[in-house]
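Asks: Going by this note's numbering, the sequence shown opens with residue 39, and the numbers climb by one from there. Here a beta-carbon is modelled for each residue, glycine too, at the ideal position from N, C-alpha and C. These figures come from a predicted structure and were not determined experimentally.
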Amino acid sequence: MKLTVDERWDLIDKIAKQTVKYGKYRHTLKDAIAEITVKPLTGIPIAIAVLYGFWSFFGAFAGFFTDGF
């Protein structure tokens, strides 16, 4: 299907009007967490805390099953 340049832009405008919503964006908790964890000053300590949490949880979980063997 060959379209002229104007027909292409008309098609693009039609699709954009059906899919794009304009208005004020409300930030969610997910957005706030994403902003905090992306910045190195706050993201690195959070990453270390999460890694330590997983390590201690799985260490205790594995220790529960391996102690006494």
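With respect to the alpha helix (DSSP H) encompassing L67, which residues constitute its N-terminal and C-terminal limits?
Replies: It spans L67 to V76 - the alpha helix (DSSP H) in which L67 sits, taken as one unbroken run.
Asks: Determine whether the beta carbon atoms of T80 and I86 lie at a separation below 8 Å.
Replies: Against a cut-off of 8 Å, the Cβ pair of I86 and T80 comes out as no contact.
Asks: Could you pull the start and end residues of the alpha helix (DSSP H) that T57 belongs to?
Replies: Taken as a continuous stretch (DSSP letters only), the alpha helix (DSSP H) holding T57 covers V43 to T57.
Asks: Pick helix, strand or coil for Y90, following the three-state DSSP scheme.
Replies: Of the three classes helix, strand and coil, the one that applies to Y90 here is helix, per DSSP.
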